[in-house]
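K.L.:
Residues 11 to 135 in the working numbering are what the sequence shown spells out, letter by letter. Quick reminder that beta carbons are idealized off the backbone N, C-alpha and C, glycines included.
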Amino acid sequence: MDDDVLDQMLATALAPIPRAADRNFVLAVEQRIAEHARYCAERRRHMASFLADGGGLLALVAGLAVLSRLPLFAAFIAPGWLGIASPLTLVALLWLAAHSSLRISTSSPISRNSKNGPHAASSGG
Numbered sequence: 011m012d013d014d015v016l017d018q019m020l021a022t023a024l025a026p027i028p029r030a031a032d033r034n035f036v037l038a039v040e041q042r043i044a045e046h047a048r049y050c051a052e053r054r055r056h057m058a059s060f061l062a063d064g065g066g067l068l069a070l071v072a073g074l075a076v077l078s079r080l081p082l083f084a085a086f087i088a089p090g091w092l093g094i095a096s097p098l099t100l101v102a103l104l105w106l107a108a109h110s111s112l113r114i115s116t117s118s119p120i121s122r123n124s125k126n127g128p129h130a131a132s133s134g135g
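(1) Could you give the distance in angstroms between the alpha-carbon of V101 and the alpha-carbon of A72?
(2) Would you mind sorting L74 into buried or exposed? The rule is 16 or more other CB atoms within 10 Å of its CB.
(3) Suppose the cutoff is 7 Å on Cβ atoms and the five residues either side in sequence are ignored; what does the same chain contact list for L70 look like?
(4) Between the Cα of N34 and those of I27, R42, P28, spot the shortest distance and give me the residue it belongs to.
(5) Would DSSP call I43 helix, strand or coil?
This is the structure we're talking about:
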């Protein structure tokens, strides 16, 4: 028996029975793919916002550093870098708290809507 004939015989014997696709399963998979795409877009938006706010925070730090060296504001801010540490810490903590609450409130829609648990939509990667 030739190898090509054997391969063809095995392929026809082991081939699955042709049948129509399960429409409910297909719809569920398409819905999860769309939800995942929306989640990724939302995550990109939040990351852009996070980076923009980080740039603003960096500008604020630079502004406070410049102001701390001016004689007009020397009375309000203690001399040296430790004098601006408490306002910077407060601003940084408020910024991180705002973004942490935002991240929690926009958790993955797949894990919230899944009937089979938070890992039902993941496919090993």
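P.N.:
According to the data block:
(1) The residue given as residue 101 occupies position 91 in the sequence shown. The residue given as residue 72 occupies position 62 in the sequence shown. The alpha-carbon atoms of V101 and A72 are separated by roughly 13 Å.
(2) As a working note, residue 74 is residue 64 in the sequence shown. Burial call: buried.
(3) On the sequence shown, residue 70 is found 60 positions in, with the first residue counted as 1. Within the same chain, L70 has close Cβ partners V101.
(4) Residue 34 sits at position 24 when you count from the first residue of the sequence shown. The shortest Cα separation from N34 among I27, R42, P28 belongs to R42.
(5) Position 33 of the sequence shown holds residue 43. It is helical.
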